[in-house]
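Residue numbers (my numbering), protein chains in the order written: chain A, 111 to 592; chain B, 805 to 1111.
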């Protein structure tokens, strides 16, 4: 008995667990407040292009109210609490997030298009863990920085990206609160809903009014937050282009700045690598979250002697990747976050073809509605190709070969970015040798895209500066008086 | 076979084997285990798994009557359920091959015999050959041999290679399954190494375990062996079959193994010509799930005959 065409049936996660309002106002000073701008915009489900909710579009007057609320809360309440008391709130938030994990996961998938298995198994659990982790630091700041006197900065303005909405919120809000700051957070315009859900969680946790304020909107809203004179700290995760604007705006002010920007990270397979696991690592490095990952391993370098085998295996593996409805539990690659991003990715694929690169895509069929793109491999690329140099932020991998370690070090570092890298080899000495030579904030060995609250994250060169996560992530929200 | 011949073949086989990274293996398995099978796809999976079973009895206390019962069950898994396949084979000791052969004479179900001093393999080579020849003379369609684990672990790869090659030669048209007893091997690198040696020496199937030692058919071991089969196919175009045996007793685990095959090897391997489960209690669990899918209700185990 033979069973060709053993295909999966749809296995959809139920959406009834998500409770959404039709319209969301701004969360300022512990209350929902209609925007001074009187403007709202739609949040779209990228998997089917349907509207999920209307969201307030904050202007500079709204930002001013939010910053005032944060300042008042900082002066009157939050800075007066002990570390242990702040920690207690953070633990409470973490536990409520865990209780609502399913709702948050489904909502993240609805709003952003990422596969439910990723929001369920990675985004939400990690976001909870960040709160648990920094809750533990709140009363140990003296021990974290022995011999120094650490104090909070004041009001932190935080701007998060659309690729990991709640997780990036956690990376920013948890250390800021643990260190004693208050927060004004602006989520990305395409993925505000889990941040608004987080506002409800803050209410439920009884967090004092004004400690966390969520202001939604587009780039102009973020710019108003950056420009506000009473903000002590700006933390931004997003594109390098916007990061540069923020840096310019902050020059000559007292604002402390951390930027976590783009990348074009090298994933390097040496000839002695565990090949099948390396191939799986490549899949994970570039196709995780549709390739919307700042540290995505988007440039693959394979040592010449095994290049053919690796490519053959990659192509075979692509055939068993499911692209489609993000709510399906079997989906590996979900929807591209927005129409705009889909156009960007498709444009880069066209550029790759114009540049003479060879394209490979699997035979999968994409849904008719919604924003989707097939996982894409490009071979026959040059170091000077645009698709090799520029960040695509989608499921597009360029593949180059190399002969010597010197050659791959040079090529890997030949980029304006320096966020992450992957090294695949059976030899420990090569791991240590290579990771010393590669200019990247994170170097993974025989794995990729592994995150942990205790591990710092951040880049070199145009990938930004400052570190998030771990003990390093605390100092981004503290000042030190010796 | 000249010893030098096998040695040079062996050298190239061993040189090609990639290292295996255990963490990566576990991550790949976790991805497969998060797959969700529903509806018709699940039914198809259940029928497929049933058709791939080598229904097995390997006890010192086996009797001809028990073997005959097992052979009846092999042909009539659950006559109340429609559209059920039969199992692939019945697997017994050499002394029971004749009984099984007679009981299955009107069916297409194969008779597989364990051999080469199963389960330990601790016997002189001449005895192993006689053991195999006896099973073949009694009509065995398939031979499940064990390797000499002691020789393998002490690095005498040429001995192990030659032993497999010699038994394969003896088998003629009968298909040879080579049992590694992975529970006695030390690492996944060793599992990969013996897989390459056995495939190189002519194994038609590679098989994890005897069922007498734990751990047996674990996912990491099975995935490592599938990797060797895939690489051999990519290099030569020749298919080799896979048989996990021991410890697979639930539907959930069996279906996950099939999903692993589908993604790692491809659908060409999803037939009992290339894939088998060595199992005794798995069949009834699959049948219970099958009934559950049909009727929406779990039935008591009492409604399914034990053998």
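Glycine residues also receive a C-beta, built at the ideal position from the N, C-alpha and C atoms.
Coil, strand or helix - residue i by DSSP
{"i": "residue 912 of chain B", "result": "coil"}
{"i": "residue 183 of chain A", "result": "helix"}
{"i": "residue 438 of chain A", "result": "strand"}
{"i": "residue 423 of chain A", "result": "helix"}
{"i": "residue 855 of chain B", "result": "helix"}
{"i": "residue 128 of chain A", "result": "coil"}
{"i": "residue 1029 of chain B", "result": "helix"}
{"i": "residue 949 of chain B", "result": "strand"}
{"i": "residue 242 of chain A", "result": "helix"}
{"i": "residue 500 of chain A", "result": "coil"}
{"i": "residue 1053 of chain B", "result": "coil"}
{"i": "residue 963 of chain B", "result": "helix"}
{"i": "residue 572 of chain A", "result": "coil"}
{"i": "residue 584 of chain A", "result": "helix"}
{"i": "residue 323 of chain A", "result": "strand"}
{"i": "residue 160 of chain A", "result": "strand"}
{"i": "residue 189 of chain A", "result": "helix"}
{"i": "residue 1002 of chain B", "result": "helix"}
{"i": "residue 996 of chain B", "result": "helix"}
{"i": "residue 578 of chain A", "result": "strand"}
Identity of the residue in the options nearest residue i by Cα
{"i": "residue 396 of chain A", "options": "A:465, A:502 and A:270", "result": "A:502"}
{"i": "residue 982 of chain B", "options": "B:952, B:875 and B:940", "result": "B:952"}
{"i": "residue 976 of chain B", "options": "B:1070, B:940 and B:915", "result": "B:940"}
{"i": "residue 1067 of chain B", "options": "B:826, B:822, B:1080 and B:836", "result": "B:836"}
{"i": "residue 532 of chain A", "options": "A:236, A:412, A:581 and A:479", "result": "A:412"}
{"i": "residue 590 of chain A", "options": "A:260, A:235 and A:185", "result": "A:260"}
{"i": "residue 214 of chain A", "options": "A:202, A:251 and A:228", "result": "A:228"}
{"i": "residue 897 of chain B", "options": "B:888, B:860 and B:886", "result": "B:860"}
{"i": "residue 323 of chain A", "options": "A:391, A:174, A:258 and A:402", "result": "A:174"}
{"i": "residue 101 of chain A", "options": "A:291, A:216, A:431 and A:249", "result": "Here chain A has residues from 111 to 592 only, and residue 101 of chain A is not among them."}
{"i": "residue 116 of chain A", "options": "B:1046, B:946, B:851 and B:1043", "result": "B:851"}
{"i": "residue 312 of chain A", "options": "A:200, A:452 and A:276", "result": "A:200"}
{"i": "residue 508 of chain A", "options": "A:542, A:393 and A:243", "result": "A:393"}
{"i": "residue 1109 of chain B", "options": "B:883, B:946 and B:970", "result": "B:883"}
{"i": "residue 907 of chain B", "options": "B:871, B:1103 and B:862", "result": "B:871"}
{"i": "residue 918 of chain B", "options": "B:1045, B:946 and B:1054", "result": "B:946"}
{"i": "residue 425 of chain A", "options": "A:469, A:455, A:444 and A:415", "result": "A:469"}
Sequence-distant residues of its chain with Cβ nearer than 7 Å to residue i (five each side left out)
{"i": "residue 823 of chain B", "result": "993"}
{"i": "residue 152 of chain A", "result": "161 and 164"}
{"i": "residue 988 of chain B", "result": "953 and 1017"}
{"i": "residue 937 of chain B", "result": "974"}
Nonlocal neighbours in the same chain, by C-beta distance under 6 Å from residue i, ignoring five residues either side
{"i": "residue 1000 of chain B", "result": "817, 821 and 1032"}
{"i": "residue 496 of chain A", "result": "461"}
{"i": "residue 343 of chain A", "result": "263, 266 and 366"}
{"i": "residue 1084 of chain B", "result": "860"}
{"i": "residue 1023 of chain B", "result": "833"}
{"i": "residue 806 of chain B", "result": "In this predicted model, residue 806 of chain B has a pLDDT of only 45, less than 50, meaning its place in the structure is not dependable enough to derive any value."}
{"i": "residue 272 of chain A", "result": "298, 300, 301 and 447"}
{"i": "residue 528 of chain A", "result": "549, 550, 569, 570, 571 and 573"}
{"i": "residue 118 of chain A", "result": "440"}
Nonlocal neighbours in the same chain, by C-beta distance under 8 Å from residue i, ignoring five residues either side
{"i": "residue 913 of chain B", "result": "875, 878, 879, 890, 891, 892, 893 and 894"}
{"i": "residue 539 of chain A", "result": "none"}
{"i": "residue 885 of chain B", "result": "1091, 1094, 1095 and 1098"}
Decide if the segment 371-388 of chain A is in contact with the segment 567-583 of chain A; the criterion is three or more beta carbon pairs, one per stretch, under 8 Å apart.
Three or more Cβ pairs closer than 8 Å define a contact, and the segment 371-388 of chain A meets that threshold against the segment 567-583 of chain A.
If the cut-off is 8 Å on Cβ atoms, which residues from the segment 542-573 of chain A count as contacting chain B, listed in chain order?
Considering only beta carbons, the part of the segment 542-573 of chain A lying closer than 8 Å to chain B consists of 556 and 557, in chain order.
Short of 9 Å Cβ to Cβ, which residues in the segment 366-388 of chain A face chain B?
For the segment 366-388 of chain A, the set of residues with a beta-carbon nearer than 9 Å to any beta-carbon of chain B comprises 382, 383, 384, 385, 386, 387 and 388, in chain order.
With three or more C-beta pairs closer than 8 Å as the rule, is the segment 554-563 of chain A touching the segment 513-520 of chain A?
Verdict: no, contact absent.
Taking Cβ-Cβ distances below 8 Å as the criterion, which residues of the segment 816-827 of chain B are in contact with chain A?
Hits within the stretch, in order: 822, 823, 824, 825 and 827.
Mind listing which residues of the segment 432-452 of chain A have their C-beta closer than 7 Å to chain B's C-betas, in chain order?
Against chain B - using a Cβ distance shorter than 7 Å - the residues of the segment 432-452 of chain A are 439 and 440.
Residues of the segment 965-979 of chain B with a CB closer than 9 Å to any CB of chain A: list them in chain order, please.
Taking 9 Å as the Cβ-Cβ cut-off against chain A, none of the residues of the segment 965-979 of chain B qualify.
Residues of the segment 115-127 of chain A in Cβ contact with chain B at a cutoff of 9 Å, in chain order, please.
Hits within the stretch, in order: 115, 116, 117, 118, 119, 120 and 121.
Three or more C-beta pairs closer than 8 Å, one from the segment 247-255 of chain A and one from the segment 316-334 of chain A: is that the case here?
Cβ pair count under 8 Å is below three, so no.
Examine the Cβ distances between the segment 350-361 of chain A and the segment 996-1012 of chain B and report whether three or more of them are shorter than 8 Å.
No contact exists between the segment 350-361 of chain A and the segment 996-1012 of chain B.
Positions along the segment 510-538 of chain A whose CB lies within less than 7 Å of some CB in chain B:
Residues of the segment 510-538 of chain A with a C-beta atom less than 7 Å from some C-beta of chain B are 536, listed in chain order.
Can you give me, in chain order, the residues of the segment 896-914 of chain B that have a beta carbon less than 7 Å from any beta carbon in chain A?
Listed in sequence order: no entries.
Could you run through the segment 1062-1082 of chain B and flag, in chain order, every residue whose CB is less than 7 Å away from some CB of chain A?
Within the segment 1062-1082 of chain B, the residues whose Cβ lies closer than 7 Å to some Cβ of chain A are 1066, 1067, 1071, 1074, 1075 and 1076, listed in chain order.
At least three beta-carbon pairs within less than 8 Å, the segment 477-490 of chain A to the segment 139-159 of chain A
The segment 477-490 of chain A makes contact with the segment 139-159 of chain A, as at least three CB pairs between them are under 8 Å.
Below 8 Å between beta carbons is the criterion; list the residues of the segment 944-966 of chain B that meet it against any residue of chain A, in chain order.
Result list empty, no residue passes.
Are three or more beta carbon pairs between the segment 397-417 of chain A and the segment 838-848 of chain B nearer than 8 Å?
They do not touch, by the three-pair rule.
Any contact between the segment 516-526 of chain A and the segment 429-439 of chain A? By contact I mean 3 or more CB pairs, one from each, below 8 Å.
Output reads no: the segment 429-439 of chain A does not touch the segment 516-526 of chain A.
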